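Note sheet for the following structure.
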């Protein structure tokens, strides 16, 4: 089963309910899920590109590379900025980082540290701040803090599903 490419995904942020605690749980659990996913994958599989796209390890590095963007976008919302800061849609940082030559344990540790910081920031918010918003520059829709971090959790899961797909395909071709 193939997943929809990230830039083709549509998001609905219409809910008025506060499900932010569940989003924080997903975000906090992402490093643990990544560590579990990678622990038994041999290096030659983790670092092999499939169909000329990122390897499993490069997908992990990409999640790490984006953590400062998520933290910055939170600050944009809390500072009542009209627009969230732009993302580098070419993912230049990930392409240049050479994540395949970094220990996957270091990537996981660095991601866990960065994500802990994000979760700390989110855990200190009050309900009013959860519903503050700014416009997403690519989607052109208002994103509340809660929506932004649902988007982040979905992005995490998108890349974890991609890692599963890569592992499955590489084991098939052998």
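In the working numbering, the protein residues as written are -19 to 154.
Ideal Cβ positions, reconstructed from N, Cα and C, are used throughout, including at glycine.
Predicted model, so just to flag it, every value in this text is computed and none were measured.
With a cutoff of 9 angstroms on beta-carbon distance, residue 51 and residue 97 are scored as near each other. DSSP, reduced to helix, strand and coil, places residue 22 outside both helices and strands of the structure shown, so it counts as coil.
No Cβ-Cβ contact shorter than 9 angstroms links residue 128 with residue 12. Per DSSP, residue 113 lies in no alpha helix (DSSP H) segment; the continuous beta strand (DSSP E) that holds it begins and ends at 113 to 115.
Contact annotation: residue 71 and residue 45 have beta-carbon atoms nearer than 9 angstroms. Nearest C-alpha to residue 136 among 125, -1, 85, 4: 4.
For residue 124, the three-state secondary structure derived from DSSP is strand. Of the candidates 103, 102, 62, 92, 62 places its Cα closest to the Cα of residue 122. The beta carbon of residue 147 sits closer than 8 angstroms to those of 21, 25, 36, all from its chain and outside the five residues before and after it, given in chain order. A Cβ-Cβ contact shorter than 9 angstroms links residue 0 with residue 126. In the DSSP assignment, residue 75 falls within the alpha helix (DSSP H) that extends over 72 to 77. Look at residue 85 here: in three-state DSSP terms it is helix.
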